[in-house]
Each structure stands twice: as structure tokens, then as C-alpha cells.
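To start, the structure itself, in C-alpha cells.
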Amino acid sequence: MPFPATPLILAALLVLETPCTTLEEAKAVAECDTLGEAVTARKTLQTDGTKGWEVLVHMPGKKRGWRCIIDWDLGKVRLKDSIPNPPSRTHCPRSA
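The opening position of the sequence shown corresponds to residue 47 in the working numbering, with each subsequent residue numbered one higher.
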């Protein structure tokens, strides 16, 4: 008798959502969602009054990057906007 798939589906739906309380966690969430390089992050207040993170993501080899709003309580991307590609962390301007 095959194992029913229902418990597996329920287990997948009940994944614990943990708060995103540190800068590093917010950057990691944005990088996983966009597959880019998180450049900067800062705390923000969202439209409903809850806390969150604004993370700018550099997309290597592309003209556009992402501005991600990470929900503080859920630890997930709540909003993702396309922006001009911010410079990467490893970008060093040439000295004259």
C-alpha cells in the first residue's frame, strides 16, 4: 500500500515562518528570491505599520536590479520592484 501524499502536502504547508530580525537574514532572503547579490539593506515601516527591510539587489550582467521589501514577521519577500541596477559590493571606482 503506497504512503498517502496528504501528510507530505500538509507538512509542506506548515513550514514554520520565522521572523527576519537581522540585516544578514534580510539580505539572504532577497538573494534567494532574486538570485542576485544583495548590496544594501535598511529597516523600513511598511504601509500597514509593520516593520520590514528594504534590500537593494544587484543583478550581475543585467541592466535592472531589484528593490525587495522583506516582511519582518514572515521573513519573506513582500514586494519586489525593478530598479536601475545598483553597483555591486565588489565594484571599486577607478582612482584618478
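All residues carry an ideal CB built from backbone N, CA and C; glycine is no exception.
Distance CB(residue i)-CB(residue j) smaller than 8 Å
| i | j | result |
| --- | --- | --- |
| Asp117 | Gly98 | yes |
| Arg113 | Glu100 | yes |
| His104 | Pro65 | no |
| Ile115 | Leu125 | yes |
| Val75 | Lys122 | yes |
| Thr96 | Asp119 | yes |
Presumed contact (8 Å Cβ cut-off) between residue i and residue j, rounded CB distance
| i | j | result |
| --- | --- | --- |
| Glu83 | Glu77 | 7 Å |
Beta-carbon contacts of residue i that lie in its chain and below 8 Å, excluding the five residues immediately before and after
| i | result |
| --- | --- |
| Pro106 | Gly82, Glu83, Ser134 |
| Thr90 | Lys97, Gly98, Trp99, Glu100, Ile115 |
Cβ shell of residue i (< 6 Å), same chain only, five flanking positions each side left out
| i | result |
| --- | --- |
| Arg88 | Glu100 |
| Ala72 | Cys66, Ala87, Trp99, Val101, Ile116 |
Same chain only: Cβ atoms within 7 Å of residue i, ignoring 5 sequence neighbours per side
| i | result |
| --- | --- |
| Lys108 | Asn131 |
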